[in-house]
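Worksheet: one structure, shown below.
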Amino acid sequence: MRIKYNSPTVLTYAFVCALVLVLSQTIVPHLTENWFMVPGNHSFSAHRAGDWVRLFTHVIGHAN
């Protein structure tokens, strides 16, 4: 049986999400909260690079 990597976008997204999940539950406990969640109580600032990163990476680390 040979595994085909026939859907690179979806499979890469799934592998990245799984990697973030494993890292946040084992080695780096606050990884999801620090980099993969949009700031809720704090206002978004266009001058902070971290807010822009969180805006685009929250789809990787969101729970539901």
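Counting along the sequence shown from 1, when you hit position 39 you're at 39 in my numbering, and nothing is skipped either side.
From the three backbone atoms N, C-alpha and C, an ideal C-beta is built for every residue, glycine too.
No experiment lies behind these values; they were computed from the predicted model shown.
Give the single residue among Asn34, Ile3, Ile27 whose Cα lies nearest to the Cα of Ile86. Nothing about residue 86 can be read from this structure; the chain reaches only from 1 to 64.
Do Phe44 and Leu55 come within 9 Å of each other at the CB atom, strictly closer than that value? In this structure, Leu55 places its C-beta atom within 9 Å of the C-beta atom of Phe44.
Around the C-beta of Phe36, are 16 or more other C-beta atoms found within 10 angstroms, so that it is buried, or is it exposed? buried
Start and end residues, alpha helix (DSSP H) containing Phe15: First-last of the alpha helix (DSSP H) with Phe15: 8-25.
Simplified DSSP state of His30, which is helix, strand or coil: coil
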